[in-house]
Amino acid sequence: IARQLRLRNIGGLIIGDFIDMKSRRDQQMVYSLMKERLKRDKARTHVLPISPLGLMEMTRQRAQESLSDTIYENCPYCGGRGVVKTSMTTSVELHRTLNSVMRTYQDSVHDFRVILNPDVLKRLKEEDEELLIELERRYAGRLMFRGDPTFHHEKFIITDANTGAELKA
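If you want our numbering, it's the 1-based position in the sequence shown plus 2.
Quick look at the structure:
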């Protein structure tokens, strides 16, 4: 536990749950060992004996960045979340945005170009094509798509196909 506190640079109030440890002798041994191991820690620490409820309370002052913060950085693709939106979710968001943009520009722009990730484009063409046709009918506009593999899975841009100007709702 003491080693993990150092490696992860965990600081603040820390509670260890030893509730199933009934033997007072074992509790004392764990407490003594924890105190001994925390002496190696450069951060300021304070440990209390295991309480009658089986909880060991300790405080630890965070020393510097944690080892994982030093070694790793956030994923540039997902921004450190560990997940990205599905093609279906991005497709739904694009449909809503297109509806809004086409309504806003229905009197001035008739050709719209959408630049997006090829995976999302595939989803649009294979599963959501009827929705796109309905948008074209409703706003008397034409939708053109360009897949760009450099685009993030969640990103898309809607432009005036004739001028290249980006359109926002």
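Every residue, glycine too, gets a C-beta built ideally from N, C-alpha and C.
In the assembly as shown, Ala4 is a buried residue. Its beta-carbon has 16 or more other beta-carbons within 10 Å.
Per DSSP, the beta-bridge partners of Thr61 are Leu15, His48.
Phe147 sits away from Leu169, with the two beta carbons spaced by 8 Å or more. When only Cα atoms are considered, Arg62 and Arg8 end up about 9 Å apart. In its chain, beyond the 5 residues on either side, Leu169 have a beta carbon closer than 7 Å to the beta carbon of Tyr107. Leu145 places its beta carbon 8 Å or farther from that of Leu133. Ile52 and Arg42 have their C-alpha atoms some 21 Å from each other. The alpha-carbon separation between His112 and Gly14 amounts to approximately 59 Å. Contiguous alpha helix (DSSP H) elements confined to the stretch 75-147 occur at 89-106, 120-129, 131-141, taking only those with 4 or more residues.
At the C-beta level, Met90 and Leu137 stay beyond 8 Å of one another.
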